[in-house]
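A.B. asks: Before we start, here is the structure in question, set down as structure tokens.
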DNA sequence: CGGCATCCTCACCGATACTG
DNA sequence: CAGTATCGGTGAGGATGCCG
């Protein structure tokens, strides 16, 4: 984090490792996807689609592809009709789960804190 | 994280607390700003500008304003000429530092892992 | 079932110029 | 010094339709 040079890793450009992490997990739906794969293990595409309301097929596909390219999930295609595709965390992918939990914990703290301190009111 | 309802906290809408955290720290320059404030304490605007190459005045101002609204930094304006403004972490802001460190650690692991496993080559 | 191809919108970010 | 104000590019994200 101390250095301020542009680095590259895979598809990502970043100045510090925090930024790199955020580029891997920072997609709008990626935390939720990783959460589901971490919690219940392997999922089919349709299961993820059901588990994540409001996500469109396009976005689900796109985010899954990026996570795959970044090496945090595996994609297993069965040669059957109708198609069957299963997604699961890689070894590397499992290591991100504690980080996500940490983020989640802070978010909850923040939620409470802002309720107590009246941060939650928006002046529209 | 288990629930999938839309919530609101302050300026943010989110489905899970991970998302909320990412909305607070997820701006392009926010991690770096928080890092500097966490490491060396109070900074003047110009000091931050110098410490963060490439950032524009506009972006620095904007990100600082958002961090302030979210309650993680304080803004102290001295009534002097020329103007003097100091930024520092709030109590709440300090609690985000370990989370950032965790993100940074994972990023470094990821960096090594992808070098070892040839993830770092991009097919342009 | 699990996609891909298009088209579109809008928030994010940057460059530049001006100011109390 | 520490900002605003304005304009404009760009790409992430979304809606819709077709396909093996």
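Residue numbers (our numbering), protein chains in the order written: chain A, 379 to 502; chain B, 379 to 502. All C-beta atoms, glycine included, are put in the ideal place defined by N, C-alpha and C. Since the model is a prediction, treat every value here as computed from it, not as a measurement.
1) Going straight from the alpha carbon of residue 412 of chain A to that of residue 476 of chain A, what length do you get?
2) Can you tell me whether residue 489 of chain A is buried or exposed, with buried defined as 16 or more other CB within 10 angstroms of its CB?
3) Alpha carbon to alpha carbon, how far is residue 320 of chain A from residue 398 of chain A?
4) If you draw a straight line from the C-alpha of residue 502 of chain A to the C-alpha of residue 447 of chain B, how long is it?
5) Are any of the Cβ atoms in chain A nearer than 8 Å to that of residue 445 of chain B?
6) So for residue 393 of chain A, helix, strand or coil by DSSP?
7) Looking only at its own chain, which residues have a Cβ that is under 6 Å from the Cβ of residue 472 of chain A, when we skip the five neighbours before and after it?
8) Given a limit of 7 Å on CB to CB distance, which residues of the stretch 408 to 426 of chain A reach chain B?
9) Please list, in chain order, the residues of the stretch 482 to 500 of chain A that have any C-beta partner in chain B closer than 9 Å.
10) Buried or exposed: where does residue 440 of chain B fall if 16 or more other Cβ atoms within 10 Å of its Cβ makes it buried?
11) If we define contact as Cβ-Cβ less than 8 Å, is residue 478 of chain B a contact residue for chain A?
12) Using DSSP bridges, identify the partner residues of residue 386 of chain A.
13) Could you say which of B:394, B:474, B:461, B:469 lies nearest to residue 424 of chain B if we only look at CA atoms?
14) So what does residue 464 of chain B bridge to, in DSSP terms?
15) Compare the C-alpha of residue 438 of chain B against each of B:385, B:408, B:389 and name the closest.
16) Determine the closest residue to residue 414 of chain A out of A:402, A:404, A:427, with distance taken between C-alpha atoms.
17) In chain B, which residues lie less than 8 Å from residue 474 of chain A when you measure between Cβ atoms?
18) With DSSP as the reference, label residue 416 of chain A as helix, strand or coil.
19) Could you name the residues of chain A that residue 466 of chain B contacts, counting a contact when the two beta carbons are closer than 8 Å?
20) When the cut-off is 8 Å and only beta carbons count, does residue 397 of chain B lie next to chain A?
21) Report back the beta-carbon spacing between residue 485 of chain B and residue 396 of chain A to the nearest angstrom; my notes put them in contact at under 8 Å.
22) Comparing alpha-carbon positions, which option in B:384, B:394, B:433 lies nearest residue 487 of chain A?
23) Enumerate in chain order the residues of its own chain whose CB-to-CB distance from residue 361 of chain B is below 6 Å, with the five nearest sequence positions on each side excluded.
24) So for residue 442 of chain A, helix, strand or coil by DSSP?
25) Under 8 Å, do residue 450 of chain B and residue 474 of chain B count as touching if we go by C-beta distance?
C.D. replies: Taking the coordinates as given:
1) 11 Å
2) buried
3) This structure does not reach residue 320 of chain A, given that chain A is present from 379 up to 502, and the question cannot be answered.
4) Interpretation of residue 502 of chain A is limited by its pLDDT of 38, a score under 50 that renders its predicted location unreliable; the figure taken from the coordinates is listed afterwards. So the alpha carbons of these two residues sit roughly 13 Å apart.
5) no
6) coil
7) none
8) 409, 410, 413
9) Sequence-ordered contacts of the stretch 482 to 500 of chain A with chain B read 482, 483, 484, 485, 486, 487, 488, 489, 491, 492, 493, 495, 497, 498, 499, 500 [C-beta pairs closer than 9 Å].
10) Only exposed fits residue 440 of chain B, as fewer than 16 other CB atoms lie within 10 angstroms of its CB.
11) True, the Cβ-Cβ gap to chain A drops below 8 Å.
12) A:391
13) B:461
14) Secondary-structure assignment with DSSP links residue 464 of chain B through a beta bridge to B:422, B:454.
15) B:408
16) A:427
17) Result: 484.
18) Secondary structure at residue 416 of chain A: helix, using DSSP grouped into helix, strand and coil.
19) None at all; the shortest Cβ gap to chain A is about 17 Å.
20) yes
21) 6 Å
22) B:394
23) Residue numbering for chain B in the displayed model covers 379 to 502; residue 361 of chain B lies beyond these limits and cannot be assessed.
24) Three-state DSSP puts residue 442 of chain A in a helix.
25) yes
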